[in-house]
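Here the structure comes first, spelled out in structure tokens, and everything after it is commentary.
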């Protein structure tokens, strides 16, 4: 895997996040296999990723802002 220098810190932070999740599941479920710990960590990280993407979807707000801007401009032009 080749990592660009400007992305190196992001990859280090991502690796740290993976280690933290794995350690959490290892301590919660010491009898589970390493493969199961990895699966749980991967699922949790994927869930967080999708949740953040949904949270950052601003398209509905942008459309509403366009509508409001048009309405404001209409009201301003009616007063002039």
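In our numbering, the protein residues as written are 38 to 117.
Yeah, the Cβ is synthetic: ideal placement off N, Cα and C, and Gly gets one too.
Check, Outcome
"With a cut-off of 8 Å, do at least 3 Cβ pairs link the segment 107 to 114 to the segment 87 to 99?", "no"
"Contact between the segment 48 to 61 and the segment 71 to 79: three or more CB pairs below 8 Å?", "yes"
"Taking the C-alpha atoms as reference points, what is the distance between residue 45 and residue 64?", "29 Å"
"Write down every uninterrupted run of the beta strand (DSSP E) in the segment 48 to 111 whose length is 3 residues or greater and which is fully enclosed by it, in chain order.", "none"
"Comparing alpha-carbon positions, which option in 55, 47, 95, 91 lies nearest residue 81?", "55"
"Please go through the same chain and pick out, in chain order, the residues whose beta-carbon is closer than 7 Å to the beta-carbon of residue 116, but skip the five residues on each side of it.", "none"
"Taking buried to mean at least 16 other C-beta atoms within 10 Å of its own C-beta, is residue 78 buried or exposed?", "buried"
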